[in-house]
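Asker:
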Amino acid sequence: MKKTLTINLSGLVYHIDEDAYAKLQDYLDSIKAYLDNTLGRDEIIADIENRIAELFSSKNKSVISIEDVEEVIAIMGQPEDYVSEEDAPKQERPHFTASSKKRLYRDPDNQVLGGVCSGIGHFTGIDPVWVRLIFLALLFSGVSAIFYFVLWIIIPKAISISQKLEMKGKAATFNNIEDFVKESYQNVKEDLKNVKFKGAQHKAQEGAKGFFAFLGELFSALFKAIGRLLSLIGEIVGKLLGVIIIGMTLAFLIVITVSFIVGSFIDVHIGNDILMLPGFQYMESSWGGPYHPIFYHISMMLTFGIPAFSLLLVALQLLFKNMGRLSGSVKIGMLAVWMIALISFIVMSLTRF
Amino acid sequence: MNIENTKQQMRKGILEYCILAVLKDQDLYASEILEHLKQAKLLVVEGTLYPLLTRLKNADLLHYRWEESTSGPPRKYFTLTEEGVAFLEELKITWNELQHAINTVTNKS
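Residue numbers (our numbering), protein chains in the order written: chain A, 1 to 353; chain B, 1 to 109.
1) Whole angstroms is fine: what's the gap from GLN163(A)'s alpha carbon to LEU319(A)'s?
2) Whole angstroms is fine: what's the gap from THR94(B)'s alpha carbon to ASP17(A)'s?
3) Measure the alpha-carbon distance for ILE44(A) versus THR6(B) and round it to whole angstroms.
4) Using C-beta distances below 7 Å, list every residue in its chain close to PHE135(A), excluding the 5 sequence neighbours before and after it, in chain order.
5) On the DSSP bridge list, what partners appear for GLU67(B)?
6) Between which two residues does the beta strand (DSSP E) harbouring ASN8(A) extend?
7) Express the C-alpha separation of LEU229(A) and TRP338(A) in angstroms, rounding to a whole number.
8) Can you name the residues of chain A whose CB is closer than 9 Å to the CB of ASN58(B)?
9) Give me the chain B residues within the contact set of GLU54(A), using Cβ-Cβ distance strictly less than 7 Å, ordered along the chain.
10) For ALA336(A) and LEU342(A), what's the separation of their Cα atoms in angstroms?
11) By how many angstroms is the C-alpha of TYR50(B) removed from the C-alpha of LYS32(A)?
12) So what's ALA336(A) in DSSP terms, helix, strand or just coil?
13) Would you check if the segment 220-239 of chain A and the segment 257-265 of chain A touch, i.e. whether three or more CB-CB distances between them fall below 8 Å?
14) Is there a C-beta anywhere in chain A that falls below 8 Å from the one on GLY47(B)?
15) Figure out for me which residue from LEU9(A), LEU313(A), SER349(A), MET334(A) has the closest Cα to the Cα of TRP152(A).
16) Can you tell which of THR257(A), GLY77(A), ALA315(A), GLY234(A) has the C-alpha that lies nearest to the C-alpha of LEU302(A)?
17) Tell me the residue span of the beta strand (DSSP E) that contains LEU12(A).
18) CB-CB under 8 Å to TYR77(B), same chain, minus the five flanking residues each way: which ones, in chain order?
19) Are LYS157(A) and GLY115(A) closer than 8 Å when you measure CB to CB?
20) Along the segment 76-95 of chain B, where does the CB come closer than 8 Å to a CB of chain A? Name the residues.
21) On the three-state DSSP scale, how would you describe LYS102(A)?
22) Using a Cβ-Cβ cut-off of 8 Å (strictly less than) and excluding sequence neighbours within five positions of VAL150(A), which residues of its own chain qualify?
23) What does the Cβ neighbour count give for ALA98(A), buried or exposed, with the cut at 16 atoms within 10 Å?
24) Just to confirm the assignment, what range does the alpha helix (DSSP H) spanning VAL258(A) have?
25) Within its chain, find whatever has a CB closer than 6 Å to the CB of ILE48(A); leave out the 5 residues flanking it on each side and keep chain order.
26) Identify the contact partners of MET76(A) in chain B, using a Cβ-Cβ distance below 7 Å as the criterion.
27) In the segment 1-35 of chain A, which residues sit with their C-beta less than 9 Å from some C-beta in chain B, listed in chain order?
28) How long is the line joining the alpha carbons of LYS12(B) and ILE66(A), rounded to whole angstroms?
29) Answer with buried or exposed for THR6(A), where buried requires no fewer than 16 other C-beta atoms within 10 angstroms of its C-beta.
30) With 16 as the cutoff for other CB atoms within 10 Å, does HIS122(A) come out buried or exposed?
31) Note down, in chain order, every chain B residue with its Cβ under 8 Å from the Cβ of ASN187(A).
32) Taking the CB atoms as reference points, tell me whether GLY84(B) and LEU62(B) lie closer together than 8 Å.
33) Are the CB atoms of VAL63(A) and LYS23(A) nearer to each other than 8 Å?
34) Take TYR17(B) and list the residues in its own chain whose beta-carbon comes closer than 7 Å to its own, dropping the five residues that flank it on each side.
The structure is reproduced here in structure tokens:
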């Protein structure tokens with residue numbers, strides 16, 4: 001049994017197996033990447049899709065399978081074949097490989113609780129056992145429980161085959177990050193080269209008459225290059241920011257959790273007894289309010305913890321694009337809890353002394 | 001040197017001429033053009049054709065119209081423009097000259 005998807009190719013509807021869809025999508029994406037500098041790229045892609053639709057129609061099958069897609073790719077040719085001599089890029093382009101993108105998912109096939117650790121293992125290329133051990137080791141500070149809970153909520157589960165392929169794709173190691181940066185830089189460089197090349201061509205052909213057309217072309221290519229560069233910088237800054245925020249909020253959450261545990265323990269269990277010990281005599285009694293101290297500590301924890309928790313979610317969403325969002329009712333609930341905690345924290349802080 | 005590569009380069013060079021030539025007498029859509037070129041074993045894979053068609057169209061040598069089809073997606077029928085006809089005539093002369101030149105050279109050796 002296989003799951004099928006419905007796709008629209010050139011205005012016609014086809015049912016296609018999920019693995020076949022992933023393959024076709026990869027194929028079209030890599031053609032797009034190859035034709036990146038070709039004039040009229042979208043039109044060429046539309047023509048190709050049209051032809052693929054025609055080939056599918058000629059099969060008269062109710063569902064397109066992966067064999068059909070492979071057959072079509074054999075007829076149409078590899079992405080390299082689409083590049084005609086004149087606009088062929090000089091440098092080697094990455095070869096067409098299936099599912100080179102990689103995304104963070106929870107792995108339902110290898111889970112202890114929610115599959116978070118094995119998902120992280122797939123993403124980083126680290127054995128999930130080590131990831132689990134790290135989480136276990138951090139459990140004593142209390143923070144890995146919160147962090148695990150957060151990740152469980154927002155990392156989507158890899159359900160479909162294409163998602164599982166994405167989950168297991170190339171590991172996001174430093175080498176790959178380097179490749180990504182290099183590739184983006186190469187794209188920018190190519191755009192700039194195009195500016196010069198097209199400029200010279202235009203001048204020779206049309207002289208002063210086509211000057212404005214040339215100017216337009218120059219600017220559009222220049223803006224394309226600038227846009228690419230900015231999006232590359234934006235991506236890197238966004239990721240860095242995400243890592244920094246995660247680090248900070250995690251540290252903050254550790255501090256609040258520890259202070260909650262220690263603070264409540266002192267107030268509830270030892271209370272003023274500790275003040276009798278030598279060295280503590282000069283300290284004042286810490287609790288004087290009419291409420292049980294545990295309420296004070298809970299409200300304090302929530303007042304600081306909920307914003308930190310939300311910040312953690314935002315940072316994770318910044319870092320991984322496919323992260324899920326909290327539903328509106330959960331957000332409102334969290335906001336309400338936070339308001340109550342904040343008000344009680346203020347009231348209790350004012351009345352405790 | 002890779003023989004397949006050289007063969008492909010030779011084919012690509014004359015492909016534009018052939019596309020214009022098959023469109024000379026009749027309007028065709030991509031698959032029919034493909035049929036002609038495949039029969040003549042000029043094309044190995046179909047993908048090569050589409051960027052070429054778009055380039056010829058952008059150079060105003062071809063224009064196209066859409067026609068509905070009962071058996072599949074709508075078809076893009078290509079026609080030669082006046083410029084295209086003139087272009088084809090010029091290529092034909094060049095081709096004949098080349099053919100003559102090549103025959104002379106290869107027969108000598």
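Just so it is clear, CB atoms sit at the ideal spot from N, CA and C, and this is done for glycine as well.
Answerer: Taking the coordinates as given:
1) Position 163 of the first sequence, counted from the start, is the residue given in the question as residue 163(A). Position 319 of the first sequence, counted from the start, is the residue given in the question as residue 319(A). Those two C-alpha atoms are separated by around 18 Å.
2) Taking the second sequence and counting its residues from 1, one reaches residue 94(B) at position 94. Taking the first sequence and counting its residues from 1, one reaches residue 17(A) at position 17. Approximately 50 Å, taken between the alpha carbons.
3) On the first sequence, position 44 is the one that residue 44(A) refers to. On the second sequence, position 6 is the one that residue 6(B) refers to. If you take the alpha carbons of ILE44(A) and THR6(B), they lie about 25 Å apart.
4) As a position in the first sequence, residue 135(A) is number 135, starting the count at 1. Here the set comprises CYS117, SER144, TYR148.
5) The count along the second sequence starts at 1 and reaches residue 67(B) at position 67. ARG75(B).
6) Stepping through the first sequence from its first residue, residue 8(A) is reached at position 8. Where ASN8(A) is concerned, the enclosing beta strand (DSSP E) stretches over 4-9.
7) As a position in the first sequence, residue 338(A) is number 338, starting the count at 1. As a position in the first sequence, residue 229(A) is number 229, starting the count at 1. Looking at the two C-alpha atoms, the distance is approximately 41 Å.
8) As a position in the second sequence, residue 58(B) is number 58, starting the count at 1. Near ASN58(B) (Cβ distances below 9 Å), the residues of chain A are LEU39, GLY40, GLU43.
9) Here residue 54(A) is taken as the residue at index 54 of the first sequence, counted from 1. Result: SER31, GLY72, PRO73.
10) If you number the first sequence from 1, residue 336(A) lands on position 336. If you number the first sequence from 1, residue 342(A) lands on position 342. Taking the straight line from one Cα to the other gives about 10 Å.
11) Stepping through the first sequence from its first residue, residue 32(A) is reached at position 32. Stepping through the second sequence from its first residue, residue 50(B) is reached at position 50. About 13 Å.
12) Position 336 of the first sequence, counted from the first residue, corresponds to residue 336(A). Three-state DSSP puts ALA336(A) in a helix.
13) no
14) The count along the second sequence starts at 1 and reaches residue 47(B) at position 47. For GLY47(B), the answer is yes, since a Cβ of chain A falls inside 8 Å of its Cβ.
15) As a position in the first sequence, residue 152(A) is number 152, starting the count at 1. Looking at the Cα atoms, LEU313(A) is the closest of the given residues.
16) Position 302 of the first sequence, counted from the first residue, corresponds to residue 302(A). Answer by Cα proximity: THR257(A).
17) Position 12 of the first sequence, counting from 1, holds the residue named residue 12(A). Looking at the DSSP string, the run of the beta strand (DSSP E) that includes LEU12(A) is 12-17.
18) Numbered from 1 along the second sequence, position 77 holds the residue referred to as residue 77(B). So the list reads ASP27, LEU28, TYR29, TYR64, ARG65, TRP66, GLU67, once near-sequence residues are dropped.
19) Sequence index remark: in the first sequence, residue 157(A) carries index 157 (1-based). Sequence index remark: in the first sequence, residue 115(A) carries index 115 (1-based). For LYS157(A) and GLY115(A), yes; Cβs fall inside 8 Å.
20) LYS76
21) Residue numbering aside, residue 102(A) sits at position 102 when the first sequence is read from its first letter. Note: LYS102(A) maps to coil in three-state DSSP.
22) Residue mapping note: residue 150(A) aligns to position 150 of the first sequence, counting from 1. Only PHE309, LEU312, LEU313, LEU316 meet the Cβ criterion.
23) Here residue 98(A) corresponds to residue number 98 of the first sequence, with the count starting at 1. With a pLDDT of only 39 at ALA98(A), under the threshold of 50, the placement of this residue in the model should not be trusted, and no figure is reported.
24) Here residue 258(A) refers to the residue found at position 258 when the first sequence is read from its first residue. Counting along the chain, the alpha helix (DSSP H) containing VAL258(A) begins and ends at 211-265.
25) Residue 48(A) sits at position 48 when you count from the first residue of the first sequence. Closer than 6 Å at Cβ, skipping near neighbours: no residue.
26) Sequence index remark: in the first sequence, residue 76(A) carries index 76 (1-based). Within chain B, the residues near MET76(A) are VAL45, GLU46, GLY47.
27) LEU9, SER10, GLY11, LEU12, ILE31, LEU35
28) If you number the second sequence from 1, residue 12(B) lands on position 12. If you number the first sequence from 1, residue 66(A) lands on position 66. Each residue's Cα considered, the two are about 30 Å apart.
29) As a working note, residue 6(A) is residue 6 in the first sequence. THR6(A) should be labelled exposed.
30) Locating residue 122(A) in the first sequence gives position 122, where the first residue counts as 1. Flag for HIS122(A) reads buried.
31) Position 187 of the first sequence, counted from the first residue, corresponds to residue 187(A). Result: empty, since nearest Cβ-Cβ is about 19 Å, beyond 8 Å.
32) For the purposes of this step, residue 84(B) is taken as the residue at position 84 of the second sequence. For the purposes of this step, residue 62(B) is taken as the residue at position 62 of the second sequence. Closer than 8 Å, so yes.
33) Taking the first residue of the first sequence as position 1, residue 63(A) is located at position 63. Taking the first residue of the first sequence as position 1, residue 23(A) is located at position 23. Contact: no.
34) Here residue 17(B) is taken as the residue at index 17 of the second sequence, counted from 1. For TYR17(B), where only same-chain residues beyond five positions count, the Cβ hits under 7 Å are LEU91, TRP95.
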